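S.K.: One structure, pasted below without further comment.
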Amino acid sequence: MNEVFCCQFFLFFACSGQRKFQYLLKILSSFSARLGKLFGNLASSSRKLKVIFDNFPGGSHVFELMARFCYNNGTIEITPSNVVLLNCAAHYMEIGSNSSEKLNLGDQTEKFLEGINYWTWSELLQALKQCQDLLPATNSSFLLEKVLDCLVGRLTLPTLASPFTCSSNNSSSQLSCDTSSTCSMRNNWSQTTWWFEDLLVLNANSFEKVIRMMVSQKLEHATIFRFIVFRLKSIYIRVRPAEECRITAVSINLLSLFDRSSLSCKGLFDILLAARLKNLSKFYKLKLEHLIGSMLDQSTLDRLLVPSPQRNHHVYDVNLVLRLAKAFLLEGSKMSRNQWSKVASLMDSYLIEVAPDFLLKPAKFAALVMVLPDSARESSDRLYQAIDTYLQVHVQLSEEEKMRLCSVVNRDKLSAEALEHLAQNSNFPSRETLRSFITQQSKINISIHDHFSYLKNSSQSTFHSDAKGEQEALEQILIYARRHGHSKKIDNLETELQGMQKRVAEWEKVCTMMCSEKRIVTKPSLHGLGKARSLPKLCS
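Shown next, in the form of structure tokens:
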């Protein structure tokens with residue numbers, strides 16, 4: 047907070063923790079319309095007044111620059127390093143509103159900004175930092191747009207190979223070479239990525255503006271994407287966690303602007319890992335996972351081996367891989383046979399890698415095994431290898447759990463070597479046993495399907511006894527399904543059972559109400575039989 051004191055003919059400016067400045071009020075007021083309105087009628091007063099300017103742009107340093115302009119009769123040397131500060135101060139203090147065009151500080155700074163295309167790269171970066179620091183000061187947003195537009199425009203120049211090729215000499219019509227020693231630091235940088243580190247200063251608001259400008263000015267999408275990944279991986283930058291979350295969320299949203307061909311699966315995984323380290327909304331993480339899943343055929347095994355956030359359940363994050371695989375299935379109709387084959391091979395490699403994890407629950411491993419259809423695999427050898435490893439590690443599995451896993455292996459797709467191994471494998475049941483198990487499973491599925499169809503067709507039933515019978519039948523099927531390991535079906539059955547129980551409770555409530563009403567209703571007279579109202583039809 048900055049404070050301005052007025053006492054007789056002097057103005058005192060104080061900024062927290064800094065020295066005070068004393069100025070002639072008359073001189074400042076002759077240029078600043080804002081000060082003139084504040085102190086015009088009080089300059090001759092002996093009272094000591096205090097006026098607080100909230101968030102004076104740039105603090106005491108900029109106030110001193112403004113005062114220097116006033117004391118020099120409306121002249122000051124304007125440079126790329128102070129033009130942004132002077133422009134914001136001029137608008138804030140309304141310098142020039144009541145003066146001639148010659149003395150208008152706002153016009154002078156804006157005229158100087160017309161030569162922004164001749165500034166050096168380092169001068170543009172300095173102006174960018176000042177604009178961000180001054181927000182939301184008056185006119186700073188306009189200046190920020192101007193600086194960002196020039197920065198992005200500089201990047202799109204086909205002949206520009208380094209950031210130090212421009213001069214800030216406005217009188218020159220040619221770009222001159224900057225011999226800054228910083229050039230030697232950039233020798234090893236690619237001609238398309240030399241600016242990555244410089245633009246790490248962008249805050250979330252400026253970051254989004256820059257990316258959108260790059261896209262609109264036809265900068266290569268692959269280069270922009272690489273910059274986004276570079277920014278999110280630069281964890282050494284000291285920014286507030288909330289600001290970092292905003293930049294991550296903005297980055298994920300901006301990915302929709304790019305051509306799919308410009309995105310790399312490796313880069314998307316880097317963004318995902320950066321997002322996992324932040325307190326980011328689940329919405330953005332799922333959005334990113336869906337994008338990665340649609341490109342799962344481009345992934346590698348090491349990308350999928352993400353440590354589990356809950357190490358007490360399993361070593362690797364199998365839930366993430368399941369979500370990615372399901373996202374791929376959603377795009378399955380657009381995928382070629384080659385893409386399906388790559389994903390199946392990748393999933394088999396993942397299964398072999400996670401199978402020895404003794405913390406991995408049978409239900410999770412079964413979900414991984416069955417997430418892809420059998421048609422995706424040309425061979426079942428590696429799937430058989432993964433299941434065999436899992437059975438050797440998890441010796442405590444029940445017969446039903448073993449049957450569920452083993453029934454997934456298509457023996458017709460096993461090689462002669464795998465079949466020979468299978469014939470001597472005591473962990474795997476015989477073909478006849480599996481065939482019996484699969485037949486039993488099919489009967490249960492048909493029974494559940496028929497019952498759901500019955501419930502749907504009889505949902506308008508009006509008899510309390512029928513509802514009670516439906517509930518009992520559903521409970522029996524639920525017990526049978528749970529006993530035979532139908533975890534997916536159980537969830538649907540339990541939901542239906544809860545609805546059934548609620549419906550029975552409603553029936554009982556209606557019946558109780560009807561019984562109580564029946565006791566107090568008198569017999570209708572004969573002449574009223576023709577007009578007697580029927581009871582409303584009960585609804586389930």
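Taking the numbering used here, the leading residue of the sequence shown gets 47, the next gets one more, and so forth. Ideal Cβ placement from N, Cα and C applies to all residues, glycine included. These numbers were taken from a predicted model, which means no experiment stands behind them.
1. Helix, strand or coil for Ser395? Go by DSSP, reduced to three states.
2. Enumerate, from N- to C-terminal direction, the unbroken alpha helix (DSSP H) stretches of 4 or more residues contained entirely within the segment 239 to 313.
3. Does DSSP classify Ser106 as helix, strand or coil?
4. Within the same chain, show all residues whose beta-carbon is closer than 6 Å to that of Cys116, passing over the 5 residues directly before and after it, in chain order.
5. Is Ile124 helix, strand or coil by DSSP?
6. Quick check for students: name the residue ranges of the beta strand (DSSP E) that lie wholly in the segment 305 to 393, counting only runs of 3 or more.
7. If Leu174 and Leu197 are in contact, beta carbons under 8 Å, what's the gap, nearest whole angstrom?
8. Quick check on DSSP: helix, strand or coil for Ser78?
9. Let's test the definition: count the other Cβ atoms within 10 Å of the Cβ of Phe404 and tell me whether it reaches 16, buried, or not, exposed.
10. Between Ala321 and Tyr330, which are expected to be in contact by the criterion C-beta below 8 Å, what is the C-beta distance as a whole number of angstroms?
11. Taking buried to mean at least 16 other C-beta atoms within 10 Å of its own C-beta, is Thr294 buried or exposed?
12. Could you work out which residue in Glu290, Pro355 and Ala268 is closest to Phe38 when comparing CA atoms only?
13. Relative to the C-alpha of Ala422, which residue among Lys279, Ser302 and Arg383 is closest?
14. Tell me where the alpha helix (DSSP H) around Gln438 begins and ends.
15. Can you give the Cα-Cα distance for Arg258 and Lys388, rounded to whole angstroms?
16. So, is Lys448 buried or exposed, given that buried needs 16 or more other C-beta atoms within 10 angstroms?
17. Within 10 angstroms of its Cβ, does Glu445 collect 16 or more other Cβ (buried), or is it exposed?
18. How many whole angstroms separate the CB atoms of Met416 and Val455, which I take to be in contact at a CB cut-off of 8 Å?
19. Closer than 8 Å, CB to CB, is Ala135 near chain C or not?
20. Nearest-angstrom Cα distance between Ile122 and Gln154?
21. Just grab the DSSP bridge partners of Ile162 for me.
22. In terms of alpha-carbon separation, which member of Leu318, Lys255, Gln263 and Ser302 lies closest to Phe276?
23. In its own chain, which residues sit with a C-beta less than 6 Å from the C-beta of Ser262, not counting the 5 before and 5 after it?
24. With a threshold of 16 other CB atoms inside 10 Å of the CB of Ser307, please say whether the residue is buried or exposed.
25. In the DSSP assignment, find the alpha helix (DSSP H) that holds Lys192 and state where it starts and stops.
26. For the alpha helix (DSSP H) that contains Asn150, what are its first and last residues?
27. Are the beta-carbon atoms belonging to Gly104 and Leu131 less than 8 Å from one another?
28. Which residues does DSSP list as the beta-bridge partners of Ile141?
29. Can you give me the C-alpha to C-alpha distance between Ile338 and Asn163, rounded to a whole angstrom?
30. DSSP three-state label for Glu424, please.
31. Can the beta-carbon of Ala401 be found less than 8 Å from the beta-carbon of Tyr436?
32. Could you work out which residue in Leu347, Asp348 and Asp363 is closest to Ser40 when comparing CA atoms only?
33. Suppose contacts are defined by Cβ-Cβ distances below 8 Å. Is Leu342 in contact with Ala371 by that definition?
34. Would you tell me roughly how many angstroms separate the C-alpha atoms of Phe587 and Tyr430, rounded to the nearest one?
35. Going by Cα to Cα distance, which pick from Ile274, Leu347 and Lys324 is closest to Leu314?
36. Taking C-beta to C-beta, are Cys311 and Arg369 nearer than 8 Å?
M.R.: So, to answer that:
1. In the sequence shown, the residue the question calls residue 395 occupies position 349. Correct three-state label for Ser395: helix.
2. 250 to 262, 267 to 279 and 287 to 300
3. Stepping through the sequence shown from its first residue, residue 106 is reached at position 60. Correct three-state label for Ser106: helix.
4. Looking up residue 116 in the sequence shown gives position 70. These residues qualify, in order along the chain: Ile73, Leu74 and Phe77.
5. Taking the first residue of the sequence shown as position 1, residue 124 is located at position 78. Residue state, collapsed to three classes: coil.
6. none
7. As a first step, residue 174 is located in the sequence shown; it is residue number 128 there, counting from the start. As a first step, residue 197 is located in the sequence shown; it is residue number 151 there, counting from the start. Yes, Leu174 and Leu197 are in contact; Cβ-Cβ is about 7 Å, under 8 Å.
8. In the sequence shown, the residue the question calls residue 78 occupies position 32. Strand at Ser78.
9. Against the sequence shown, residue 404 aligns to sequence position 358. Exposed is the call here.
10. Here residue 321 corresponds to residue number 275 of the sequence shown, with the count starting at 1. Here residue 330 corresponds to residue number 284 of the sequence shown, with the count starting at 1. Their Cβ separation, rounded to whole angstroms, is 7 Å, which keeps Ala321 and Tyr330 in contact under 8 Å.
11. As a first step, residue 294 is located in the sequence shown; it is residue number 248 there, counting from the start. Per the 10 Å Cβ criterion, buried.
12. Residue 38 is absent from the structure shown; the chain starts at 47 and stops at 586.
13. Counting from one through the sequence shown, the residue named residue 422 turns up at place 376. Of the listed residues, the one whose Cα sits closest to Ala422 is Arg383.
14. Indexing the sequence shown from 1 puts residue 438 at position 392. Note, Gln438: alpha helix (DSSP H), Asp427 to Val439.
15. Position 212 of the sequence shown, counted from the start, is the residue given in the question as residue 258. Position 342 of the sequence shown, counted from the start, is the residue given in the question as residue 388. Going by the C-alpha atoms only, they are around 34 Å apart.
16. Within the sequence shown, residue 448 is the residue found at index 402, counting from 1. Per the 10 Å Cβ criterion, buried.
17. Indexing the sequence shown from 1 puts residue 445 at position 399. Classification of Glu445: exposed, given that the 10 Å Cβ count is below 16.
18. Looking up residue 416 in the sequence shown gives position 370. Looking up residue 455 in the sequence shown gives position 409. Not a contact, Cβ separation roughly 11 Å.
19. The structure shown contains no chain C; it is built from a single protein chain.
20. As a first step, residue 122 is located in the sequence shown; it is residue number 76 there, counting from the start. As a first step, residue 154 is located in the sequence shown; it is residue number 108 there, counting from the start. Rounded to whole angstroms, Ile122 to Gln154 spans 10 Å at the Cα level.
21. As a working note, residue 162 is residue 116 in the sequence shown. Note: Ile162 sits in no beta bridge, so no partner.
22. Sequence index remark: in the sequence shown, residue 276 carries index 230 (1-based). It is Leu318.
23. Taking the sequence shown and counting its residues from 1, one reaches residue 262 at position 216. Here the set comprises nothing.
24. The residue you call residue 307 lines up with position 261 of the sequence shown. The residue is exposed, with fewer than 16 neighbouring Cβ atoms inside 10 Å.
25. Indexing the sequence shown from 1 puts residue 192 at position 146. Unbroken alpha helix (DSSP H) run through Lys192: Ser186 to Leu201.
26. Stepping through the sequence shown from its first residue, residue 150 is reached at position 104. Asn150 -> no alpha helix (DSSP H), and no H or E assigned at all.
27. Translated into positions along the sequence shown, residue 104 becomes position 58. Translated into positions along the sequence shown, residue 131 becomes position 85. Contact flag set, yes.
28. Along the sequence shown, one-based indexing puts residue 141 at 95. Paired residues: Ser78.
29. Translated into the one-based positions of the sequence shown, residue 338 becomes position 292. Translated into the one-based positions of the sequence shown, residue 163 becomes position 117. So the alpha carbons of these two residues sit roughly 40 Å apart.
30. Reading the sequence shown from its first residue, position 378 is the one you call residue 424. Glu424: coil per DSSP, three-state reduction.
31. Taking the first residue of the sequence shown as position 1, residue 401 is located at position 355. Taking the first residue of the sequence shown as position 1, residue 436 is located at position 390. Contact: yes.
32. Lying outside 47 to 586, the shown extent of the chain, residue 40 is not represented and no answer is given.
33. Taking the sequence shown and counting its residues from 1, one reaches residue 342 at position 296. Taking the sequence shown and counting its residues from 1, one reaches residue 371 at position 325. Yes.
34. Since the first and last residues shown for the chain are 47 and 586, residue 587 lies out of range.
35. Here residue 314 refers to the residue found at position 268 of the sequence shown. Ranking the options by Cα distance to Leu314, first place goes to Ile274.
36. For this step, residue 311 is matched to residue 265 along the sequence shown. For this step, residue 369 is matched to residue 323 along the sequence shown. Against a cut-off of 8 Å, the Cβ pair of Arg369 and Cys311 comes out as no contact.
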